[in-house]
Each structure stands twice: as structure tokens, then as C-alpha cells.
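K.L.:
In my numbering, the protein residues as written are 123 to 481.
1) When DSSP labels each residue in this structure, what does residue 178 get in the three-state scheme?
2) Counting C-beta neighbours from all protein chains within 10 Å, is the total for residue 140 16 or more, i.e. buried, or is it exposed?
3) Applying the criterion that 16 or more other CB atoms from any shown protein chain within 10 Å of the CB defines a buried residue, is residue 181 buried or exposed?
4) Which residue comes first and which comes last in the alpha helix (DSSP H) that contains residue 332?
5) What residues match up with residue 438 in a beta bridge as DSSP calls it?
6) Among all the DSSP beta bridges, which residues are the ones paired with residue 403?
7) Nearest to residue 350 by alpha carbon, out of 447, 211, 436?
8) Beta-carbon within less than 6 Å of residue 166's beta-carbon, same chain only, minus the 5 sequence neighbours each way: which residues are those?
9) List the endpoints of the continuous beta strand (DSSP E) containing residue 354.
10) Counting C-beta neighbours from all protein chains within 10 Å, is the total for residue 326 16 or more, i.e. buried, or is it exposed?
11) By how many angstroms is the C-alpha of residue 255 removed from the C-alpha of residue 238?
12) Taking just the CA atoms, how far does residue 340 sit from residue 168?
13) Indicate whether at least one CB of chain B lies closer than 7 Å to the CB of residue 194.
14) Could you round the C-beta distance between residue 426 and residue 247 to whole angstroms and report it? I think they count as a contact, below 8 Å.
15) Which residue marks the beginning of the beta strand (DSSP E) containing residue 288, and which one marks its end?
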């Protein structure tokens, strides 16, 4: 991990812009048609972020197994005819092909393979977690420790991070959220673990987001449809920082995406104040557990070495953080608005009282 090597504020390439767009919009990597990881070193760094060590024999075997089963699925269930260059390709080669190093057909089928590998790994990690003798609280401790390591390194490198806080949602808060929103189920409460990071200036927000998707939450595990961005005009920040120019066609795509990214009339959370501004997203962070929990059966070993810890991240600059605690944005008023909704919902269907004869 080396946050100090992160790209300077605003100096983003095509890969960074795509990943920021996905995070800010709450998109899914399954909808992508191209990666931007042409160099083997970038691929290996990405694998390590996903908790796979490409130099370890067992991890290589796990990746090869995921690839083979993904390609079997594509051929047997979806009837695709995969090119020879893609069939059985090493993981680095798959990423390079998915990034356009080769024919267009190679890029397509490499992308398809990586997408199915991603889903298989995710499903089996959740199955593994259900079978291990480990609690949600212990997963939370592992997740908190991973994030704190990155934060300590950022501060050691004088990154402009002025505040960091992490906490677990209380039982009362969880119950209140479920009562307030009728389309929410317990399995969908993503913010049981919440982390708040504040940087010095608004211009520092994109750089922090890049560090987070490079060191903590890989972009492929950002939870779709759970992002809120009422803070960052990405295009304006890139232009102000003198970012490298992209082609006209790509710029048009970026402009269209930015129009959806920002300036929502209402925040995603209906109880927030009218001027509350934040970048908020949910991610499933990969955690390595095979070194702390003994695997007693071949079945467990076949599910891989990972589980996921789900967390909500709030990102903002210092001035915005101050404004978010003032006036109608205050947290006490947020809780009051939520309490009114809870009481209304609990009392729904109650018969109206008859007027008192004394009235």
C-alpha cells in the first residue's frame, strides 16, 4: 500500500475517470465493456487490492479455477464461442485483452470472463462467511483495522485528511431505519459500519476517492445504486486542475455522466437537511480470513480465502462538514424528522379519536 504515489489532485487518466464515475453514480462493473489496465504491474496491484497475491501458488490456483469455471459457464450456459487466445489465458493476459490489447473480439470475451469470475468470487465469499465460525463484530474489527492502516499511512504522507471517524450503527438506529423506510429489509441495511473522512479542500475530494478505490474498496465492489453525490462536480474540478484532455467522444460521454452525477434536487436520504452535501457510497471490502480462521474441510477451501465487510463511506471537505452541522442540516434535526416518520408509520391504520364532548 502506497497512497503517497496516488496521482496528484485532478491529474487523472481514463482509468481514474471511469472508476470515479462508477463510484459517484453507483454503477456496476458488470455493465462495463472495457478496462484500462494494460500493464502487468497495474493488474497485480489490483489483484492484491482484491486480496489475491499473484505470487502465491494457492492464490494463482484459485484465480485459474475461477477463470475455468467462468469460461465453462459462458460456453455451456450462454453458448459463447470463446477465441483460443482467451481460453485458459493467464489472469494478467485477460486484463490486458479486456483493456484493448488485441482484437475487439478478444476484448469482449476477456471482459465477459472477468465479469463472471467477479460474480463467482463474490457469491462464494458470501457462502464461505455463512459457514465460518466468525461473527459480524469480528468482521467489523478486521474491516476497521484495514481502513485505519490506510488512514495512518495517509497522515504519515501528509495527505490533506483533517478528520476520520468510524463507528457501528447501534441496534436502536438499525431498528429505526427499518421502521422509517418500508422498502428496506435487514439484509439491505448497508451502513451498519460507517466511516467519515474529511479533507481540507473540495479539490482534494477526488484524490481521496482515488486512494480509497486503490487501497480500500476496489471499484468492482462498490454496491450499485447506493451512491449519493451532492458535492462534487467532477468535470469542473478536472478542468480547474488542468487535467489531461480526453478525446471529444469520451468528453461527450463524460459530460453526459456528470450531468447525472451531480446537482440532485433532493438528497438520497429523505431525512437530510435541504443543504446537506456529501459524497456517500457503499462498498464491500474484501478481507482475507484463511490465515485467521482454520479451514477444516475441502468444501471450505474450495470457496476461496475471502469474505467481504460492508461499509458506508461519507466523504466531504472541511467547509462542507461545518455547513452540514448548521441550521436545518443538524444531525439532531435529522433524527427528529426520522422519528416523526417512524411514529407515523407505526400508527398508520389507527382509528382517529372521536372529538371530546367537552370540546
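For each residue, glycine too, the CB sits at the ideal point set by N, CA and C.
P.N.:
According to the structure shown:
1) Three-state result, residue 178: coil.
2) It is buried - the Cβ of residue 140 has at least 16 other Cβ atoms within 10 Å.
3) The Cβ neighbour count for residue 181, taken over all protein chains shown within 10 Å, is at least 16; the residue is labelled buried.
4) Residue 332 -> alpha helix (DSSP H) spans 327-337.
5) Per DSSP, 320.
6) According to DSSP, which records beta bridges pairwise, residue 403 is partnered with 435.
7) Per the C-alpha coordinates, the member of 447, 211, 436 positioned closest to residue 350 is 436.
8) The answer, listed in chain order, is 176.
9) Here residue 354 belongs to no beta strand (DSSP E), and DSSP marks it neither H nor E.
10) Under this definition residue 326 is a buried residue.
11) When rounded, the distance between both Cα atoms is 28 Å.
12) Whole-angstrom Cα-Cα distance: 8 Å.
13) The structure shown contains no chain B, having only a single protein chain.
14) Yes, residue 426 and residue 247 are in contact; Cβ-Cβ is about 6 Å, under 8 Å.
15) Its beta strand (DSSP E) spans residues 283-290.
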